[in-house]
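full-length UniProt numbering puts the first residue of the sequence shown at 1, with every later residue one more than the last. Cβ coordinates follow ideal geometry from the N, Cα and C atoms, glycine included. On a predicted model such as this, the values are computed, not experimentally measured, just so you know.
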Amino acid sequence: MRTLTEIAEEIKGIRQQQKLKQSDMRLVNGMTQQQVSKFEKGGDINLSTLLRILDGFNLEMVFVTREQARELRQGLNSISMAEIEKNGEHSNP
Numbered sequence: 001m002r003t004l005t006e007i008a009e010e011i012k013g014i015r016q017q018q019k020l021k022q023s024d025m026r027l028v029n030g031m032t033q034q035q036v037s038k039f040e041k042g043g044d045i046n047l048s049t050l051l052r053i054l055d056g057f058n059l060e061m062v063f064v065t066r067e068q069a070r071e072l073r074q075g076l077n078s079i080s081m082a083e084i085e086k087n088g089e090h091s092n093p
């Protein structure tokens, strides 16, 4: 199971990819910079706040069993490896 800290790190990465500052989050989901900072540092938050954050980034929370999660990760790793091998073939003269 993912920890709140891992979820916060993932969402922080998404925020940074979108080139948003913590202070910009008020526009995305109504959170103050202080609230965002606390969350991104792994601070405990209400479920309603997490849902507001996810909604602001157009993200969805999905529940799967650990077995399903393992199968999904294995499938994604296989796809990633196939892409790496495919791209490697194209880069050879």
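How would you label residue i, buried or exposed, when you count the other beta carbons within 10 angstroms and need 16 or more for buried?
i, result
"residue 63", "exposed"
"residue 84", "exposed"
"residue 66", "exposed"
"residue 25", "buried"
"residue 35", "buried"
"residue 8", "buried"
Which residues bound the alpha helix (DSSP H) around residue i?
i, result
"residue 39", "33–40"
"residue 2", "From DSSP, residue 2 is part of no alpha helix (DSSP H); its letter is neither H nor E."
"residue 56", "47–56"
"residue 59", "Run containing residue 59: none; DSSP gives neither H nor E here."
"residue 27", "25–29"
Helix or strand or just coil, what does DSSP make of residue i?
i, result
"residue 43", "coil"
"residue 22", "helix"
I want to check one thing, is the minimum distance from the CB of residue i to the heavy atoms of the ligand SAH below 6 angstroms?
i, result
"residue 21", "This structure lacks the ligand SAH, and indeed carries no ligand of any kind."
Evaluate contact between the stretch 23–33 and the stretch 44–58, counting only Cβ atoms and requiring at least three cross-stretch pairs below 8 angstroms.
Segments in contact, yes.
4-residue-minimum alpha helix (DSSP H) runs that sit fully inside the stretch 64–92, ordered along the chain:
Complete alpha helix (DSSP H) runs here, min 4: 66–91.
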